[in-house]
Structure formats: structure tokens, C-alpha cells
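Residue numbers (our numbering), protein chains in the order written: chain A, 1 to 292; chain B, 1001 to 1292; chain C, 2001 to 2292; chain D, 3001 to 3292.
From the three backbone atoms N, C-alpha and C, an ideal C-beta is built for every residue, glycine too.
Number of protein chains: 4
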Amino acid sequence: MITLDTLNAADTAGFVAALGAVFEDAPWVAERAAAARPFPTVTALHAAMFAVVQGAAPDEQVRFLAGHPDLAGAAARRQAMGAFSTSEQAALGLDRLDDARFPGFEAMNQEYRARFGIPFILCVRRHTRTSVLACFAQRLRSVPETERTAALEEVFLITRLRIAGLVEGPGMPQVAGRLSTHVLNTALARPAAGVEVELFEIDEDAAVKLAHGVTNSDGRTDTPLLPAGPLRIGQYEMRFRVGAYFAGLGLPVAEPPFFDVIPVRFGIAEPEAHYHVPLLVSPGTYTTYRGS
Amino acid sequence: MITLDTLNAADTAGFVAALGAVFEDAPWVAERAAAARPFPTVTALHAAMFAVVQGAAPDEQVRFLAGHPDLAGAAARRQAMGAFSTSEQAALGLDRLDDARFPGFEAMNQEYRARFGIPFILCVRRHTRTSVLACFAQRLRSVPETERTAALEEVFLITRLRIAGLVEGPGMPQVAGRLSTHVLNTALARPAAGVEVELFEIDEDAAVKLAHGVTNSDGRTDTPLLPAGPLRIGQYEMRFRVGAYFAGLGLPVAEPPFFDVIPVRFGIAEPEAHYHVPLLVSPGTYTTYRGS
Amino acid sequence: MITLDTLNAADTAGFVAALGAVFEDAPWVAERAAAARPFPTVTALHAAMFAVVQGAAPDEQVRFLAGHPDLAGAAARRQAMGAFSTSEQAALGLDRLDDARFPGFEAMNQEYRARFGIPFILCVRRHTRTSVLACFAQRLRSVPETERTAALEEVFLITRLRIAGLVEGPGMPQVAGRLSTHVLNTALARPAAGVEVELFEIDEDAAVKLAHGVTNSDGRTDTPLLPAGPLRIGQYEMRFRVGAYFAGLGLPVAEPPFFDVIPVRFGIAEPEAHYHVPLLVSPGTYTTYRGS
Amino acid sequence: MITLDTLNAADTAGFVAALGAVFEDAPWVAERAAAARPFPTVTALHAAMFAVVQGAAPDEQVRFLAGHPDLAGAAARRQAMGAFSTSEQAALGLDRLDDARFPGFEAMNQEYRARFGIPFILCVRRHTRTSVLACFAQRLRSVPETERTAALEEVFLITRLRIAGLVEGPGMPQVAGRLSTHVLNTALARPAAGVEVELFEIDEDAAVKLAHGVTNSDGRTDTPLLPAGPLRIGQYEMRFRVGAYFAGLGLPVAEPPFFDVIPVRFGIAEPEAHYHVPLLVSPGTYTTYRGS
């Protein structure tokens, strides 16, 4: 991490050396933004850099967008992208897709470029693979003007996350979402302690386990179920092992119990929001809801 | 009760003798409808009589509407109305209002007649006193054309109920609503038996007890909480004595219990509908809803 | 189906011809029960036949129990069992298990016979494959006296179902359970019509679809989700496609919706009981419970 | 407020002048505790003073207990009690009871003294008038040994509250409870902002309004519904005006609405606990629970 103070005090070459890679293959963005220093907040620094892109000449802007790598494209497989894109795509496994699973990916890239003159740009750190594909399919049905705007919005999101991970100082951008749960034993009117909770990502043909936790004496997990940063748009499922919990209290339960593993499936649409998904449970009922 | 067969077979004088009082002070309605016999259903009989009113000459129709007694008016207090109106108004206590409680009633009657040329007509069997007053206030702000239609609609409802109480046969009009409850002990996943339930009518300054019941082994009351017939539009409250119930099961409860008497307050807007208002309850939570 | 009247009137040979196969390979049960005729109810007929088994000499009773075929055993694979056992085991696929999935089945049969001197007897029509295995494993840890009693109880259940499927008349045994659901749209306070519901059987490594339905205007499915007869002990999951339902009402939903497919997983422990598993749902919450 | 540091540094006379009234009419408690200084925490200060009472000679202890004023007794009416007792009893209105409402109070005081040799001692700041009476009636049925212990426990609670209001410093005793609510609009999956909430104390014949609030954008009230300090044991009711709230959103509601004013009645048994009583509500259902 570099401090904002350091960046404000650096000479232009040092500023560009530090931030030149934030906007894909476009160190000129940092170079032009350098003149606007000092920045009072990290958010203002990012806004100034993005303003450079918005204020660029039309053909320069298009060249900038066109310089982005394809998603899960040849560059990704050859690991010939910039360091940021490499790690962002790798986190979703987009650098190592098997062709059977995403057979049409390459075709979609080509179709998108042919239709809109730029690659498909998406802030993949806010997405699961399932939502990447859903967005891709949806945006292929769009029109050029809309897509130019959409691409810039995604550039905003991509670079905001890169800046937030690179620079520290006052006024950090709000990029983190949060997923939390809370289990209440409503038969005894108290938090349910010791309930195992698993979190899965759901896509059409599989449930992939992301995390495992156990509720503490307040009915919550000690650590968040998802890592810090933006949540990924997608479908999730928490599974609460309440059968074992109620049996452990000595309550009479049927064999098999009426509720044993309770799955709560929900969608995350806003990566920067707080999703509180509690479970109010007794042996004969449960309620879940989107809390706040 | 007279059977529809008897009415279909009667001579005109007999038909009018039986039904002449159904439309207020207007035996000519029955007289003209007699010619359309035989009626296959009781509903058809009522429809034919109402069609006579709808088809009457405008001034005849107005005279008919104008012949209705005031609500809670001088005729009601003198018991000088027809037998139907007498019992209908008496059931709500409109024949014996104390002036302190409904000080403006007489003034409202006069204002309504002055504005619309007819008395305020309302099917009081579908109303509580509170909703009678709310309707009255609202309709005083109406316009003449709308009020003529509203008065006829109320005549339809009034006479349908009178016919349903007087004639029996196939095709009875649907005039009955229903209020039911169901108490589930969700801590034990079984119906809650032996829970005391009280039903109150709520108006602004009081709760008047209407009924008392105890849930049976299926968690329901053996008999309906409200009498057969249309429900009365208004505000109600059921109170479930769950504290005593849970204590009786030997479950540990605080002193005082977190939930002891659970009030569930709800409005009835459709007198002919089924209102199912269940309670899913455990010592630490409850849920209620409009069921079906 | 044979009527009870016919059986009461038949000669002994006719009675035995009709019912001799009900108790596995033991026509003597029917023969001795014939003398107790006439039976007022089908339940009494079955009780009389079972009383013959209970009253048999100890060695005769053991021979009777020992004459039952193994579950998923060699006879099942050779289709060399009686017609009843054949169809009962086939309905669970116990006649065609692949060895990889149930590798230890044959070993369990041998171990059980070695330990208890009789085959493992279970009323498989009340079970899923998962619960068959769970019961088998549990009963292998039992002791001989208990197992003799357990085997007789299972014979009671097996033969009661056979009689109920063979004889018709007054006083039929209660052998049928029921699974029902009800979907209420609590945002609009009305039944949710047109919601797709799928029912799955869950075992450790798979979810097998059993049924599909759509809710009607009362929020229920027109036909039961499970066939008539006893429910099978096991784990189930209903999946309610509420995302499509809410979107169809024109309500604003996120992309992806917070609730799209709602899974409700529950256990059935009592094959002859009524399991009512409703869903009270709005875009931001749902509640499910064991109803009645 | 006096600081703990000041008390630790004072001479004995100053210490007694500051704390001599904490234990009713017994400055010797402070005098003896002074020798144990310095106290690291306020809790330790209180513990040391209470230890003096526990360690007192039996007759001295009885004299101390006997020196307490009656509840709602003659001294209260004459305002002839110590300043602490005066304000504590006045807060409940025990200094100005009308005799019709608590006719037997004086008789209960006499009966209690006659039976147990000491006045009825209760930490009234933890009680409503209803629970004062309930405790009084219950403890009258007790036995002397138990009552001596109960009286000392109440002295502990009374003096802990007095110390907590008088002294500030590290390690304050935990004497405060909390009541909070949270309203979620589950039809829209978001906090319900702008819902009016009223809080009432319920006793057998009346509901007394204690507070009024409006939910903010997070669905909570900006300020607590009850003042800082211990909650009072008793029955309460929150009333949520959801009819107006839903109508204000432009949602279709019946006239009258199914849910208009939702009463949630609950008991508080632990004055130092946190009572979180949320409402999950949509036009057709609501759920409430004891949260944490």
C-alpha cells in the first residue's frame, strides 16, 4: 500500500510509476491526473483519474477501451495480461476454463467485439462466473451507445477497486459489501449457539462450498462468511444444521427430524451492500428475511 | 322460512303477502316480480325483484329510496319502522344511541337528506357502529349521482339478506362470511390445544368482547367465533392466552412471560369473505397472517 | 379388489385362495383365521390374521419370520420372491441395486441373519432407500429379543398394507399419509397462484425429482404431490419458484432476485401422518412450518 | 457525581458524608467500608459496602433492615423518608396512591411486618406498580428465612443503583437494560422508515402511554423508547401504525386495512437485559420475536 500523502508529494514520474497500471495499459491517465494534486481523499484521487478518461478525445477513449483484454480470452490463458487483470480473472478461474463448460466464451468475445468495436469489459471482482455469463449474454443484446456507457461504468468500478487496494489514506472509497447471519432459537427465546452454518455458491449445476462457521453465544459467526471486499453477484445458499443443534439441547425430535439441514437460498445483486440473512428457528417453523 | 316452491306456486296475493315487506314500504316490487315466476333459484328471485326497482320510473325510484327510514332516526327511537329495519338497526343498538356518544347523528341525517334528497341508506347488517359512522361521513362528501347508485347498491345488499333469511330453496345467495383461527405450537410442531381465545370489537375508545373460545386438539375453535351471516366491517382483536398455555406444558417461562396475552388486531373489509387469522407461536416468536 | 362380504361368505378354500399370500409364504395364517369369520371390518380381518401369527407356537413363528426374503437379496435379483415382495422391493429399486452404491448390502443381510436367526424384515413401502439403510444399520446394533418384536411389528405393517390394497369394505385400515402445501403471498394478503413447485427426495449425494406442480387460485396444488398410500420415511425438499412468480406480478425485483427458488427441506418420519408444509412468502421474507 | 478518585482520597468523614445515605439510615456502613480503600472500580466500592452489611451482627442486620420505610406507607405520604427513597417511590407514584386503587396496601405492609419483623423491601426502580403488587403478594406467602435473604438481595439492588448514580469512575456496575425495536418492510425487503410507534405500560385495567417514536431510514427509533437505567418489570405493548405507512407507499390497502395498528404485547422480567422486539411486516403478515 502507498499512502495518499506519498502520492501527493511524489514527482510526476513517481506518481505515474505507482498508479500507471490502474487504468489498463494507459499510463497517460495517471500522468494527466498528476497535475490536479494534492487530493484530499483517496476517493478524490480516483475521481480525478476517471475524469481524465471521461474528458479524453473520443478516439482516444475508444482506443483505451479497446486496449482491455478479453474475458477468459487468449491473453488470459497465455497470462499475457497486466498484473491487475491477471489476478482479477484468475480469482474467478477465467484463466483456466475448460471448454466444455464455457464452450461459447470465445465466440461471445468475438461477437461482442464485432458488434461494439471494443472488448466486453466487466468488473469481474463483483461477479461470480454465473453472473459473468448472464451479463455477457444480456449485454450482447444491447446497442453501441449503451455499451460505451456500460463499459465506462465498469472501468469506474474496476479502477476504484484497484485504487482501494493500492492506496491508503483518508476518504477511502466504499467498495466492501457484507454478508452476515444470526440464528435465534425462538422456542427458547435466545440466540442459538453452536449451530453449524455452511455457505455455498449455487450455479445451475452445482453447489460449491465457500465457507463454514459455527454460531457463537450471540447466534452469530465470529468471522464473516465472505472475505472483505465487494460481494460477488450471484446465487448463494446457507445451510444451517439445526437438527443436530436441537437434538443437542435434549429436545425431542423425530427420526428423521422435521427440520435437519435448513437451506436458505438467496441472491446477491449489490456487491457493496450489507446482506443480513437471519434465521428464526424452532423445531416446527423457521423464518428468514433480508435484514439490515 | 318459506320454500321457493311454495312461492312459485302461490297466487300473486300470496306472493306479495310473503315478500311485500322485503323492499322497504314497497309491495309493488313483489307484485311486479310475481309475473316472472317460476324462479329456478332464490338468487334469481332476488335478482328479479331488484330488477323491478332498477326498471322503475325515475320518480318512482326516488320515492322508493326516500321511503327508507333514517339510521338511528326518530322512527327508530319510536320503533315506528318496518319489522326488518327495526331488527336490523336494533342489532347495532342504533335504536337506543345515547346522544353523548353520537351527538351529530341527527344532524348528519338532516344534512344528507338536504344534499341528496333521499335518506342515508346502508346495509347495517354488514357494519359495526364505527364503520356506519365512517361510511356516513364519507358519503356525505359524495355527489348526488354517485349517491343514487350507492343507495341502490345498499338496497341490493339489504334485500338480498332479507330474502336469504326468509326463503329457502336451491341457489341461495352467498351472504355469509367467516372468521376462523388456528393456533400452532411451533416449538413442538403440533397444534396448540387448550389455548383460550377472546374476540373483541375495537372502536376508538373501547374493546367490546364478542366471543370466547378454547382451541381443540387441532388448534381450532369448535364453533365459529362470529355468528353465521355477513361479518361486520370493522376492527377486531383476538387475544390468545399463550402464557398460561406454555406454562401448562411445563416449559420454562419468565415471570412475567415474554408473551402472555397475544393481541392480534385486524380489520374486516369484506363481510362475505373468509378471514382466516392463524397464530404460529412459540415462547420466543409469533407470526400471524391473513390466510385462506 | 375383493369385497369383505365376498370373503365372509366364501368357503375356507376360497378364503385361503384369496388371502393366503398376504403373510409371506404362510397360507396357514389365512386358513386358521377363516374360522373367526364373519369380520365386521377390514381392520378386524387383518387383526384376526395377525393374531394367528402372534398366537403361533414359538418355533412356528420363527419359521414364518425366517421364510421372508432378504431385502435386495439374491431372490430379489432373481425375481424369485412372492408377487407382493417383488413389487414392494421393486418400487424402491431394491431388485436392481448397483453394487457400487450399496456395496455392503449383501454383507448386512448375512450379518443380520447370523446374529438374529431371521432375515431383516422391513415394511419397505414406508421407506426410502436412504431410510432402509439407516434402519438396517441401526437394527444390526440391536439385541435378539428386541428384533423379534421389531420383525413382528414390520410384518403387521407389511400385511396391513397388503390387505388394504386387496380387500374393500367397511372399516378400512388407515394406511395413507398425505403431503400438502399452500403458498400465500403475504405482500398482497392473498393466495399465490401460479407458483411452480417441485418435490425432490434428498439423499446424501443427490436430489431426485418426484413431482412437479403449479399452485391454483387457492395457493394449493390441484393434485397431491405424492401418490396415495403411506409416505416414505426420508428427507424431502420442495422448491418454490417465487422469483418468476413475483416478477410476473410486476413487482420490482433485483437481478438476481433476493429469493428466486426457495428450497424447503424437511423430514418425514410418520408415513401415515399428514404433513402440511406451507410457505408464507413476500419478496423480503418467508416462513414455513409444519402445519396440520 | 463524585469521582471514585475523590472518594479514595477523601478522609473518612468526607467519605461518609458522600456515601452515608446510600444504605438506608445506616452511615455506619460507609464508615466501616472506608477502611478498605482504595477501590479499583465502582463495582468494588459497592461490593465492599454490601459486604459490611452481610458481615454485620445478626441483630444489627435486622435493625438495619427494619429501618427501611414502608412502600407507599405513611412516611412516603408525609415525605418523611430519606432523599433516595423519596425519589425512588415518587417515580412510581407510590407517594400519592389513591386508596381506591390500592386499598390493601397499608394492610399488606402491616401483615408483612407482623409476619417477618421487617418492612417489605423492594428495589422499586426495577418495577412497575403492577409488579410491585405482584411481588408483594407473592412474598407475603414466603417464610422468614427466605425473606431475610430476599430483603438483602433487594438492598443489594437498591444500593447498587444508588452508587451507580452517585459515583463515576472505572468499572461501573451494569445496571442498565435496553428496549429496542426494528421495523422491516418485508414486502419490499427494506427497513420501514416513518412508522409511528407508541409504547404503553399495560396493567390490568389500563394502558398508559410511555413513549412515542417514528422509525428512521434504518427502521429503528433514533432515541431509546425507555429512559436509561434498569427497565421496570411489567407488561408492555408497542403499537405500530403500519396502515398509514403502507397507504403512504401507495400500496393498495383495504378499507379498513387488514393490519392498521399492530399491538405487540410483551413482558419484561429482567431489568438489566436487552429486549429487542422487532417487527417484520408486510400487508398480509407480521412476525415478532425476542431478538438479541
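Between B:V1053 and B:F1023, the CB-CB gap stays under 8 Å. Closest by C-alpha distance to A:V155, out of A:T186, A:F84 and A:S131, is A:F84. Burial state of A:S282 is buried, judged by a 10 Å Cβ sphere holding 16 or more other Cβ atoms.
Interface criterion not met: the Cβ of A:A137 is under 8 Å from no Cβ in chain C. Looking from the CA of A:S217, the closest CA among A:E237, A:I233, A:P191 and A:M238 belongs to A:P191. Chain A places no beta carbon closer than 8 Å to that of B:F1246, leaving this residue out of the contacts.
Residue-level contact check: B:P1191 does not touch chain A, since none of the beta carbons of chain A fall below 8 Å from its beta carbon. If you ignore the 5 residues before and after D:Y3245, its C-beta comes within less than 7 Å of the C-beta of A3192, G3194 and V3195, all in its own chain and listed in chain order. Bounds of the alpha helix (DSSP H) holding B:E1147 are P1144 to L1166.
According to the DSSP assignment, A:F116 belongs to no beta strand (DSSP E) but to the alpha helix (DSSP H) extending over F105 to F116. Assignment of beta-bridge partners to D:L3210 by DSSP yields no partner. For B:L1133, there is no enclosing beta strand (DSSP E); the residue is found in the alpha helix (DSSP H) stretching over R1129 to L1140. For C:S2217, no chain D residue has a C-beta closer than 9 Å to its own C-beta; the minimum C-beta separation is roughly 16 Å. Within a 10 Å sphere around the beta-carbon of B:D1005 sit fewer than 16 other beta-carbons, which makes this residue exposed. Residue contact with chain D for C:A2107: absent (no Cβ-Cβ distance below 8 Å to any residue of chain D). For A:L280, the neighbours in chain D by C-beta distance under 8 Å run, in chain order, T3287 and Y3289.
The beta-carbon separation of A:Y289 and D:T3186, rounded to 6 Å, stays under the 8 Å limit for a contact. Straight across, the Cα-Cα distance linking D:A3090 with D:A3030 is about 25 Å. Residue nearest to D:P3040 within the set D:P3058, D:T3003, D:E3060 and D:V3016 is D:T3003 (criterion: CA-CA distance). Residues of chain B whose Cβ lies closer than 7 Å to the Cβ of C:T2181 do not exist, since the nearest Cβ in that chain is about 13 Å away.
Between the alpha carbons of A:L133 and A:H212 lies a distance of about 27 Å. Counting along the chain, no beta strand (DSSP E) covers C:D2025, and no H or E run does either.
C:E2237 sits in a strand when the DSSP states are folded into three classes. Within chain C, the residues placing a beta-carbon under 9 Å from that of D:G3284 are L2184, N2185, T2186, A2187, L2188, A2189, R2190, L2280 and S2282, ordered along the chain. Below the 7 Å Cβ cutoff, chain B contributes V1261, I1262 and P1263 as neighbours of D:R3265, in chain order. Close to B:Q1235, with beta-carbon spacing below 8 Å, are these residues of chain D in chain order: P3256 and D3260. When secondary structure is reduced to three states using DSSP, C:F2015 falls in the helix class. By the 16-neighbour rule on beta-carbons within 10 angstroms, B:E1270 is exposed. Distance from C:F2064 to C:A2026 at the Cβ level is roughly 5 Å; contact confirmed, criterion being Cβ atoms closer than 8 Å. The beta carbon of A:A269 falls within 8 Å of a beta carbon belonging to chain C, placing the residue at that interface. For B:V1214, the closest of B:T1223, B:M1081, B:A1080 and B:A1207 by C-alpha to C-alpha distance is B:T1223.
A residue is called buried once 16 or more other Cβ atoms fall within 10 Å of its Cβ, and D:V3143, having fewer, is exposed. CA-CA distance, D:A3010 to D:A3057, rounds to 27 Å. Judged by pairs of C-beta atoms under 8 Å, the stretch 2010 to 2020 of chain C does not touch the stretch 1261 to 1275 of chain B, as fewer than three such pairs exist. The beta carbons of D:Y3286 and D:F3259 sit closer together than 8 Å.
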